[in-house]
Amino acid sequence: MLDVNPDTVCHLVQLAREFHSQEQVVIPTDSGDASEDWHVQMLASHAGDSTLEEFRSVIFDLEPDQQQQVVGLLWLGRGDYDLIEWKEALAYAADAWNDTTADYLIAHPLLPDYLLEGLSLHGYSCDE
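Counting with the numbering used here, you get residues 23 to 150 for the letters of the sequence shown.
The following block contains the structure:
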C-alpha cells in the first residue's frame with residue numbers, strides 16, 4: 023500500500039523527464055567508488071536549474087516515510103525487489119534514508135520509467 027500520493031509521483035516523473043531531456047545533463051557511467059556521494063557530485067554542475075530545484079522541492083515537502091516510498095518505487099520498478107518484498111524495500115529505504123534523497127533519485131536517468139513501473143505494480147498509472 024502506498025502512503026505517497028500517486029499524483030505526486032506522476033509529477034516527479036514529469037519533472038525527471040524534463041530534467042533528463044536537457045542537453046547539458048551528463049550522467050557519468052562510472053561513478054568510481056559507489057560509497058561516495060556520486061549523485062551529489064554529478065548534480066553539482068546543475069545548481070540553479072529550475073526543474074531540478076522544483077524536483078528537490080517536491081521531494082523535500084514529502085514526509086521521510088513518503089520519500090522512502092518513492093525510493094522504494096524506484097527499486098521496485100528497476101527490479102531490485104518484487105511487490106511481495108515491498109516491506110523489505112521500505113525497511114532498507116528507511117535505513118538508508120538521508121537528506122539527499124532528491125539528488126539520489128534524479129541521478130537515475132531511467133527514473134521516470136522505474137517510477138511508472140513501480141506505480142503500475144501497485145495498481146496505479148499516470149494519465150499521459
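Beta carbons are placed, not taken as given, at the ideal position from N, Cα and C, and that holds for glycine.
Inter-residue Cα distance where the pair is residue i and residue j
i	j	result
D135	A113	23 Å
M23	L96	15 Å
E40	V31	14 Å
A115	G94	6 Å
D83	E75	12 Å
E107	Q44	35 Å
A111	D71	31 Å
Q90	L143	17 Å
S17	D104	Missing from the structure shown is residue 17; the chain here goes from 23 to 150 and no further.
Contact under 7 Å by Cβ, residue i with residue j
i	j	result
L137	V26	no
H33	P131	no
Contacting residues, own chain, Cβ-Cβ under 7 Å from residue i (five flanking each side not counted)
i	result
A38	F77, I128, L133 and P134
Continuous alpha helix (DSSP H) assignments of at least 4 residues falling wholly in the segment 101-127: 108-118
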